[in-house]
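K.L.:
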DNA sequence: AGGGATCACTGAACCGGTTCAGGTCTCACA
DNA sequence: TGTGAGACCTGAACCGGTTCAGTGATCCCT
């Protein structure tokens with residue numbers, strides 16, 4: 133069968149292409165009767181308008197892009213991404229937008245080139261940005277390219293030009309964690325964060341310190357890179373360093389590092405939670421399954437992804453620039469911080 | 133700045149649109165000099181051809197689709213999917229194809245409607261198909277829709293019409309697992325498979341039985357659904373049932389069920405591997421981190437995804453229908469089957 | 001009855017590429 | 001010198017939608 137087109141439908145119904153188009157898109161300019169006839173015929177023929185023709189004439193791709201620029205190994209094991217992806221996809225599907233996913237290594241140039249190409253080719257109408265960095269070059273780049281974007285996990289502080297994004301109150305999350313540890317009797321804790329290059333890690337570090345100060349607790353900060361081994365090595369370094377004596381709890385920046393830390397504790401003959409308690413800043417199945425199971429902050433990645441996608445849809449649709457703050461995360465208390 | 137187009141480039145260079153197009157696409161019909169001038173100008177202007185215009189005139193979307201139709205919860209926790217996705221994406225990017233990802237629930241109608249729409253809209257040039265079912269309606273549907281597809285994990289048996297796909301020798305994998313258990317002294321094993329509706333599960337079940345027969349071992353088959361709880365409940369059912377007495381090892385169809393099984397064993401006061409050994413048919417970080425760590429079959433999801441994507445690219449490019457068999461999986465032996 | 005507003009509809013231009021059917025020009029060969 | 005081949009290039013049609021300006025017809029209001 134030859135592919136149907138709008139011209140074909142028009143001919144069958146004895147009306148013009150324009151009328152068909154108006155009818156299909158719910159626009160005024162056609163009678164209810166005509167509209168029905170068009171819609172019925174389209175349904176009967178199982179016909180859908182060509183997305184590329186539409187994209188061309190509307191100058192709109194009907195897709196949004198997302199670059200995952202983390203270490204591929206990390207992406208594969210981080211359940212956080214997949215959960216977020218599901219939320220994003222669900223929201224986009226409702227808005228009839230496709231998701232263009234690109235995975236590149238840690239190379240920032242690759243990410244930049246991807247945006248340049250997407251913009252040049254008109255392949256996406258906007259992008260979702262993650263993991264905001266210090267002096268992040270991406271917002272300026274995207275502005276220059278004319279690509280609208282939503283910043284997931286935007287800084288609370290004000291920004292040069294207004295932007296759309298989700299914000300998380302990392303200080304509140306930090307307080308939740310620290311207060312829990314305080315209540316469990318810990319007075320000196322270690323905080324193994326992700327790279328400080330990420331703004332949200334800075335905020336977490338600050339939040340932890342502030343909250344600890346408020347409760348008269350001491351914090352040993354330690355920077356790592358989210359990998360399993362990083363968590364492991366950090367714990368080894370902490371324990372073998374001079375500061376160990378008093379740190380009775382460790383807060384890890386994500387679930388993978390928590391798992392690494394747990395392995396290290398076991399190797400070192402330290403018991404969790406008796407000798408050292410553990411908290412993870414991300415919850416996941418890993419935390420649930422570990423032994424001991426790990427107390428973790430549930431940040432609801434699916435919902436976060438959904439909200440970010442909805443913001444982007446709104447931005448593309450109406451140009452509305454807005455920020456939405458995420459609801460406070462919940463701490464899921466498990467065995468790793470059980471009261472001795 | 134106004135958006136550049138091919139007409140703009142042509143005017144700047146004083147040549148025709150056609151020549152620019154030929155030059156850009158490496159087609160004959162232009163001199164080397166002209167080609168260079170065009171390419172240089174395009175680079176200088178950071179210009180890329182509009183993907184939608186290209187898609188329209190070539191009648192090719194430049195994208196392939198993939199529907200993940202598993203339980204969203206499962207998708208999020210199954211590292212297998214993410215690994216495969218990374219491989220697929222890498223291969224597609226090399227072939228300058230985009231990936232269109234759609235996540236729908238377990239509802240087959242949703243999946244069908246997605247294909248119908250994609251085909252009607254011309255949104256994708258082909259699709260990747262997973263988890264082949266008994267009497268799978270999808271190949272016929274896609275044929276009817278004129279959408280080329282690659283079947284990942286195709287049946288070894290011959291098929292009505294020829295098709296492109298990857299095949300896995302599940303019997304060999306089964307033999308690897310069973311022989312390992314035999315060598316460890318097990319003579320009666322349980323096999324907790326995924327749903328029999330999946331062809332590959334049938335093949336695995338057959339493979340396990342065949343191999344067990346060959347070694348004079350007994351198999352207790354048990355059908356479950358890949359979820360964590362399913363693994364848990366299956367173990368409970370097995371242990372409380374009349375057959376338990378002699379089953380000294382359990383083979384799980386994926387890593388999640390293995391984890392569930394481990395939890396159940398712990399609850400039941402059974403020790404692993406001393407009382408019951410455990411093997412997982414999928415390897416992942418979960419298997420590595422569990423205690424005891426779980427012996428698992430490493431099936432290299434990244435590579436599998438890459439190969440499937442490459443097959444699809446070849447199919448779209450040259451129409452080549454071919455099947456590629458995956459290299460034999462490797463068993464990663466860990467503590468859950470340690471020699472007592 | 002006349003004038004303006006509204007409605008239903010249409011022809012044609014347009015989006016930005018690709019591609020086909022020629023048109024020159026040059027060069028080799030008979 | 002004529003002819004055929006080949007290289008280089010161009011105008012115009014085409015892909016399949018959207019959208020704008022314009023045309024009749026109908027209706028309402030004074």
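Residue numbers (the working numbering), protein chains in the order written: chain A, 133 to 472; chain B, 133 to 472. Ideal Cβ positions, reconstructed from N, Cα and C, are used throughout, including at glycine.
Could you work out which residues of chain B lie near residue 185(A), taking near to mean beta carbons separated by less than 7 Å?
P.N.:
In chain order: 188.
K.L.:
Let me see if you follow: with CB-CB separation under 9 Å, is residue 181(A) close to chain B or not?
P.N.:
Output row for residue 181(A): interface = yes.
K.L.:
Which residues mark the beginning and the end of the alpha helix (DSSP H) in which residue 308(B) is found?
P.N.:
That run of the alpha helix (DSSP H) goes 302-315.
K.L.:
Whole angstroms is fine: what's the gap from residue 298(A)'s alpha carbon to residue 278(A)'s?
P.N.:
Taking the straight line joining both Cα atoms gives about 20 Å.
K.L.:
Using only CA atoms, which one of 366(B), 438(B), 163(B) lies nearest to residue 353(B)?
P.N.:
When each option's Cα is compared against that of residue 353(B), the closest is 366(B).
K.L.:
Go to residue 353(A), then tell me how far its beta strand (DSSP E) extends in each direction, as first and last residue.
P.N.:
Per DSSP, residue 353(A) belongs to the beta strand (DSSP E) from 350-355.
K.L.:
Give the secondary structure of residue 402(A) by DSSP, where H, G and I count as helix, E and B as strand, and everything else as coil.
P.N.:
Coil.
K.L.:
Nearest CA to the CA of residue 316(A): which residue from 374(A), 306(A), 465(A)?
P.N.:
It is 465(A).
K.L.:
Give the interface partners of residue 215(A) over in chain B, defined as CB-CB distance under 7 Å, in chain order.
P.N.:
Those within 7 Å of residue 215(A) in chain B are 208.
K.L.:
Only counting the same chain, and skipping five residues up and downstream in sequence, which positions put a Cβ closer than 6 Å to that of residue 343(B)?
P.N.:
The answer, listed in chain order, is 306, 307, 310.
K.L.:
DSSP on residue 453(B), reduced to helix/strand/coil?
P.N.:
In the structure shown, residue 453(B) sits in coil (DSSP, three-state: anything other than H, G, I, E or B).
K.L.:
Relative to the C-alpha of residue 165(B), which residue among 177(B), 152(B), 176(B) is closest?
P.N.:
If we check each option's Cα against that of residue 165(B), 152(B) comes out closest.
K.L.:
Given this structure, state the Cα-to-Cα distance separating residue 301(A) from residue 287(A), to the nearest angstrom.
P.N.:
Between residue 301(A) and residue 287(A), the C-alpha separation is close to 9 Å.
K.L.:
Mapping the DSSP letters down to three states, classify residue 366(A) as helix, strand or coil.
P.N.:
Here residue 366(A) sits in helix by DSSP.
K.L.:
Between 339(B), 402(B), 387(B), which has its C-alpha nearest residue 368(B)'s C-alpha?
P.N.:
Residue 402(B) is the option with its Cα nearest to residue 368(B).
K.L.:
Looking at the unbroken alpha helix (DSSP H) that takes in residue 418(A), where does it start and where does it end?
P.N.:
Unbroken alpha helix (DSSP H) run through residue 418(A): 417-421.
K.L.:
Between the stretch 138-158 of chain A and the stretch 193-205 of chain A, are three or more C-beta pairs nearer than 8 Å?
P.N.:
Flag = no, the stretch 138-158 of chain A and the stretch 193-205 of chain A do not touch.
K.L.:
Check the Cβ of residue 249(A) against every Cβ in chain B and list those closer than 7 Å, keeping chain order.
P.N.:
Chain B residues near residue 249(A): 180.
K.L.:
Classify residue 414(B) as buried or exposed, calling it buried when 16 or more other Cβ atoms lie within 10 Å of its own Cβ.
P.N.:
Buried.
K.L.:
Looking at C-beta atoms only, is the number of pairs between the stretch 394-408 of chain B and the stretch 166-181 of chain B that lie closer than 8 Å three or more?
P.N.:
Because the criterion of three Cβ pairs below 8 Å is not met, the stretch 394-408 of chain B and the stretch 166-181 of chain B do not touch.
K.L.:
How would you write the range of the alpha helix (DSSP H) that residue 138(B) sits in, first residue to last?
P.N.:
138-145 is the span of the alpha helix (DSSP H), which, as asked, contains residue 138(B).
K.L.:
For residue 437(A) versus residue 223(A), is the C-beta distance shorter than 9 Å?
P.N.:
Yes, the Cβ-Cβ distance between residue 437(A) and residue 223(A) is below 9 Å.
K.L.:
Out of curiosity, what's the CA-to-CA distance linking residue 270(A) and residue 247(A)?
P.N.:
Roughly 9 Å separates the two Cα atoms.
K.L.:
Flag this pair as yes or no: are the beta carbons of residue 463(B) and residue 312(B) separated by less than 9 Å?
P.N.:
Contact: yes.
K.L.:
Rounding to the nearest angstrom, what Cα-Cα distance links residue 325(A) and residue 387(B) in this structure?
P.N.:
Each residue's alpha carbon lies about 29 Å from the other.
K.L.:
Indicate the three-state DSSP secondary structure (helix, strand or coil) for residue 319(B) in the structure shown.
P.N.:
The answer is coil: DSSP assigns residue 319(B) none of H, G, I, E or B.
K.L.:
Taking the alpha carbon of residue 283(B) as the point to measure from, which residue in 228(B), 405(B), 441(B), 240(B) has its own alpha carbon closest?
P.N.:
With distances taken between Cα atoms, residue 283(B) lies closest to 441(B).
K.L.:
Check the DSSP bridge columns for residue 233(A) and list the partner residues they point to.
P.N.:
DSSP lists 198(A) as partners of residue 233(A).
K.L.:
Where do the ends of the alpha helix (DSSP H) carrying residue 426(A) lie?
P.N.:
No alpha helix (DSSP H) contains residue 426(A), which DSSP labels as neither H nor E.
K.L.:
Work out the CA separation of residue 274(A) and residue 280(A) for me, nearest whole Å.
P.N.:
Their Cα atoms are separated by approximately 7 Å.
K.L.:
Determine the chain A residues that contact residue 447(B) at a beta-carbon separation under 8 Å, and present them in chain order.
P.N.:
What residue 447(B) touches in chain A: nothing, since even the nearest Cβ is about 20 Å away.
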